[in-house]
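Participant:
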Amino acid sequence: MPRRPSETECDNKKRISHNGTRLPDPIREGEVFTDSSQKQWRIGRSIGVGGFGEIYLASDNTAKPVGPDTPSVIKVEPHQNGPLFVEMNFYVRSAKPSLIEEWKQQKGLTHLGVSPYHGSGSHVYLGERYRFIVIERFGPDLNKLFLQSNRRFHLKTVLYLGIQILDALEYIHSKGYCHADIKGSNLLLGHRKGAEHQVHLLDFGLAIRFAKNGRHVEFWQDERRAHDGTLEFTSRDAHHGAHSRRGDLETLGYNLLQWLCGRLPWEDAATIVDPEYVHLQKKTFMNNIPQLMRRCFPHSQFPGEV
Numbered sequence: 003m004p005r006r007p008s009e010t011e012c013d014n015k016k017r018i019s020h021n022g023t024r025l026p027d028p029i030r031e032g033e034v035f036t037d038s039s040q041k042q043w044r045i046g047r048s049i050g051v052g053g054f055g056e057i058y059l060a061s062d063n064t065a066k067p068v069g070p071d072t073p074s075v076i077k078v079e080p081h082q083n084g085p086l087f088v089e090m091n092f093y094v095r096s097a098k099p100s101l102i103e104e105w106k107q108q109k110g111l112t113h114l115g116v117s118p119y120h121g122s123g124s125h126v127y128l129g130e131r132y133r134f135i136v137i138e139r140f141g142p143d144l145n146k147l148f149l150q151s152n153r154r155f156h157l158k159t160v161l162y163l164g165i166q167i168l169d170a171l172e173y174i175h176s177k178g179y180c181h182a183d184i185k186g187s188n189l190l191l192g193h194r195k196g197a198e199h200q201v202h203l204l205d206f207g208l209a210i211r212f213a214k215n216g217r218h219v220e221f222w223q224d225e226r227r228a229h230d231g232t233l234e235f236t237s238r239d240a241h242h243g244a245h246s247r248r249g250d251l252e253t254l255g256y257n258l259l260q261w262l263c264g265r266l267p268w269e270d271a272a273t274i275v276d277p278e279y280v281h282l283q284k285k286t287f288m289n290n291i292p293q294l295m296r297r298c299f300p301h302s303q304f305p306g307e308v
């Protein structure tokens, strides 16, 4: 009979995400983190694990356990991982509450789908150092809702979502960043009362800074970042490692099209693992938009708004 591993051995096994990245070990409820401004945050239960880290409920009231209705979360990642470092830099530079409110007033918006930055820092737990960032808590993501809706959203819903996402992208681009990974699982609805139909663009782990100190960085193809993002939505530029604002808009377009027709022409389980094939399919269809529409809507007239 094979030997059963001890609890200590199980605890020492490192958790690995679906993309092969080291995940943080579980952190006990009640642990207190101190951010870079010396504000303290108490950890609650885990509510999700992503490709690079784990998300916990959090509260700035450290005197009592974190309740289920807390409005904040903490995203935690092992210090040797990279995406949360990129995300923290975006939030620190571009998502302070005062900047977001100023933009909303300037543009006449009641809602902007970018989460305000609440805090970030480093924390040592059981001898290991972690990065963390504190942001607003959100509800379900659009991909889950899409699957629950039999892979179709109504045209009115798609247009409503698209306008909100464009508003968020305009703000992000104005700060010199492109997102580089727009997809349903990175688009979350609000959690607080009254915000259940407001969409927010999250996860800036792959974000690219295309402008620094007001100067545009030279556009170039970095083959080390070729095919970055989520393959079915990656822009043609990004397939070459050149992430850009127009690439964000192209990626958004693929999402909107998928939500309307249910499945993109290159979205096949047997081929989606081949980035070169997917890239070729996108180039072919984008050079023949009528053919793309016929493929996406074989049994009905495609919406004129598309």
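Residue 3 is where the sequence shown starts when you use my numbering, and the numbers rise one by one after that. Yeah, the Cβ is synthetic: ideal placement off N, Cα and C, and Gly gets one too.
#1: Given 6 Å as the limit, tell me if D169 has its C-beta closer than that to any heavy atom belonging to the ligand MG.
#2: Quick check: H125 and F35, are their CB atoms within less than 7 Å of each other?
#3: Note the first and the last residue of the continuous beta strand (DSSP E) segment covering F299.
#4: Please name the residue in C180, Q150, A209 and G306 whose C-alpha comes closest to that of G264.
#5: So the candidates are A228, L266 and H199; which of them puts its Cα closest to the Cα of L144?
#6: Would you kindly work out how many angstroms separate the C-alpha atoms of D230 and A65, rounded to a whole number?
#7: Do you know offhand how far P7's Cα is from Y119's?
#8: Closest to Y61 by C-alpha separation, out of E31, I167 and S96, would be which residue?
#9: Taking only the alpha-carbon atoms, compute the straight-line gap between L266 and E234 and give it to the nearest angstrom.
#10: Nearest to P142 by CA position, among I210, E252, L191 and E269, is which residue?
#11: What are the start and end residues of the beta strand (DSSP E) that includes Y119?
#12: On the three-state DSSP scale, how would you describe E89?
#13: At a cut of 8 Å, does the stretch 192–212 reach the stretch 80–95 through at least three beta carbon pairs?
#14: Flag this pair as touching only if the stretch 157–167 and the stretch 39–58 have three or more C-beta atom pairs under 8 Å; answer yes or no.
#15: Under the three-state reduction of DSSP, which class applies to A182: helix, strand or coil?
#16: Just how far apart, CA to CA, sit Y93 and A228?
#17: To the nearest angstrom, how far is it from the Cα of M288 to the Cα of L294?
#18: What did DSSP end up calling T72 once you bin it into helix, strand or coil?
#19: Can you tell me the Cβ-Cβ gap for A170 and L114, rounded? I've got them flagged as a contact below 8 Å.
#20: Put H113 into one of helix, strand or coil per three-state DSSP.
#21: Cβ atoms of G46 and V78: under 7 Å apart, would you say?
#22: Can you tell me which of the three DSSP states D143 falls into?
#23: Is G306 helix, strand or coil when you go by DSSP?
Facilitator: According to the structure shown:
#1: Looking for the ligand MG in the displayed structure turns up nothing, as the structure carries no ligands at all.
#2: yes
#3: No beta strand (DSSP E) holds F299; DSSP gives it neither H nor E.
#4: Q150
#5: H199
#6: 43 Å
#7: Residue placement at P7 cannot be trusted, given a pLDDT of 39 that sits under 50; the coordinates are not used to answer.
#8: Per the sequence shown, the amino acid found at residue 61 is Ser instead of Tyr. Comparing Cα positions, the closest option is E31.
#9: 8 Å
#10: L191
#11: No beta strand (DSSP E) contains Y119, which DSSP labels as neither H nor E.
#12: helix
#13: yes
#14: no
#15: coil
#16: 25 Å
#17: 7 Å
#18: coil
#19: 6 Å
#20: coil
#21: no
#22: strand
#23: coil
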